[in-house]
Amino acid sequence: MTHKRKLTFVTMVVLFVASNLVEAGLELNQEPPPVKLIGEVGGRLDGTAWSSSELKGVVHILMYVDPDKVKINEHVEEALAKEQYPTE
Numbered sequence: 033m034t035h036k037r038k039l040t041f042v043t044m045v046v047l048f049v050a051s052n053l054v055e056a057g058l059e060l061n062q063e064p065p066p067v068k069l070i071g072e073v074g075g076r077l078d079g080t081a082w083s084s085s086e087l088k089g090v091v092h093i094l095m096y097v098d099p100d101k102v103k104i105n106e107h108v109e110e111a112l113a114k115e116q117y118p119t120e
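Residue numbering for the sequence shown follows the working numbering, starting at 33 and increasing by one per position.
Structure follows, in structure tokens:
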């Protein structure tokens, strides 16, 4: 993917997320209402409901790294591992 295409993609994602936040009526520094997924709209593999309230106090980290630069965030990964955060 070229730099221009990556920039366009990132811009589209940011605009999509921002427009959904505005549409949802979310405000900065305010806790959003919990989201529940159950039945046809989603849930757990065992069929039980999932609630976003389960994420309170939990940090999820998602990093995308260009395959050609896989070691660029190695220092971040090492620092996170050193902290020994719980995985569940």
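Just so you know, even glycine gets a beta-carbon here, dropped at the ideal spot from N, CA and C.
Partner residues in the beta bridge of Ser83, as assigned by DSSP, are Lys68. By the criterion of at least three beta-carbon pairs nearer than 8 Å, the stretch 97-107 is not in contact with the stretch 70-88. In this chain, the alpha helix (DSSP H) harbouring Leu112 covers Glu106 to Glu115. Glu59 and Pro65 have their C-alpha atoms spaced approximately 11 Å apart. Assignment of His92 by DSSP, reduced to helix, strand and coil, places it in the coil class.
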